[in-house]
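Just below is one structure, and these are the notes that go with it.
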Amino acid sequence: MSAVYLTSCLYAHLKQVREDFPYLRLSAADDTRLAALLLRVQRGFLVNGGVYYVTQPSIGESVWIRDDKRLLTYREFCEKLQDPTWRVWVDRLIVFYLDIARGEKTQRTEHLLKALAQLSEFLDACVGGGKSIESRVQAEGTLPL
């Protein structure tokens, strides 16, 4: 369930980036590149019966607490999943990760991982940071993307 929670948080951040897009200080080329990379990530979740494009921002919105300007905690998220009317919005994402766990739709998974890596590399370059995914993989001793 943690992958579903973290992806929901990702959707919230992607939604925020799209809303703040006009105010970001990027060159025209970087502006276009960021838009394309965001779309690739969204399509990575969408293809082959994944999470519908229009529900991704809705899922992100559902984990954002406007008044507190924060995301739901993992515990709050899990408690909300007990409500069937709330969970229905997250069901496609749950199925998405069940497909991955069963080893199904591997091409979709590979496409998504590549899109996420490209977005991460672009953002790392824009902020002058290191290679965040590569550093995390090395620190955790997990397999590279």
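For the sequence shown, position 95 matches number 1101 in our numbering, and the numbering has no gaps at all.
Ideal Cβ positions, reconstructed from N, Cα and C, are used throughout, including at glycine.
Computed from a prediction, not measured in an experiment: that's the story for all the values here.
### Message
In whole angstroms, give me the CA-to-CA distance for glutamate 1116 and aspartate 1073.
### Response
If you number the sequence shown from 1, residue 1116 lands on position 110. If you number the sequence shown from 1, residue 1073 lands on position 67. C-alpha separation (whole angstroms): 37 Å.
### Message
Measuring straight from C-alpha to C-alpha, what distance separates arginine 1031 and alanine 1009?
### Response
Mapped onto the sequence shown, residue 1031 falls at position 25. Mapped onto the sequence shown, residue 1009 falls at position 3. Approximately 31 Å between the Cα atoms of the pair.
### Task
Please determine, among Glu1067, Gly1056 and Arg1024, the residue with the shortest C-alpha to C-alpha distance to lysine 1111.
Within the sequence shown, the letter at position 105 stands for residue 1111. Cα-wise, what sits closest to lysine 1111 is Gly1056.
### Message
Taking the beta carbon of threonine 1000 as the centre, do at least 16 other beta carbons fall within 10 Å, making it buried, or is it exposed?
### Response
Shown here, the chain extends from 1007 to 1151; a query on residue 1000 therefore has no answer.
### Query
Taking Cβ positions, are leucine 1020 and glycine 1050 nearer each other than 8 Å?
Here residue 1020 is taken as the residue at index 14 of the sequence shown, counted from 1. Here residue 1050 is taken as the residue at index 44 of the sequence shown, counted from 1. Going by C-beta atoms, leucine 1020 is not nearer than 8 Å to glycine 1050.
### Query
Can you name the residues that DSSP bridges to leucine 1077?
Here residue 1077 refers to the residue found at position 71 of the sequence shown. Beta-bridge pairing links leucine 1077 to Trp1070.
### Query
Would you say alanine 1018 and valine 1069 are within 8 Å of each other, going by their C-beta atoms?
Here residue 1018 is taken as the residue at index 12 of the sequence shown, counted from 1. Here residue 1069 is taken as the residue at index 63 of the sequence shown, counted from 1. In contact: alanine 1018 and valine 1069 (Cβ atoms closer than 8 Å).
### Query
Between arginine 1046 and alanine 1121, which are expected to be in contact by the criterion C-beta below 8 Å, what is the C-beta distance as a whole number of angstroms?
By one-based count along the sequence shown, residue 1046 stands at place 40. By one-based count along the sequence shown, residue 1121 stands at place 115. Confirmed, about 4 Å.
### Message
Distance check for tyrosine 1029 and aspartate 1037, CA to CA, integer angstroms please.
### Response
Reading the sequence shown from its first residue, position 31 is the one you call residue 1037. Reading the sequence shown from its first residue, position 23 is the one you call residue 1029. Cα-Cα distance, rounded: 11 Å.
### Task
With DSSP as the reference, label arginine 1039 as helix, strand or coil.
Residue numbering aside, residue 1039 sits at position 33 when the sequence shown is read from its first letter. Looking at arginine 1039 - three-state DSSP - the assignment turns out to be helix.
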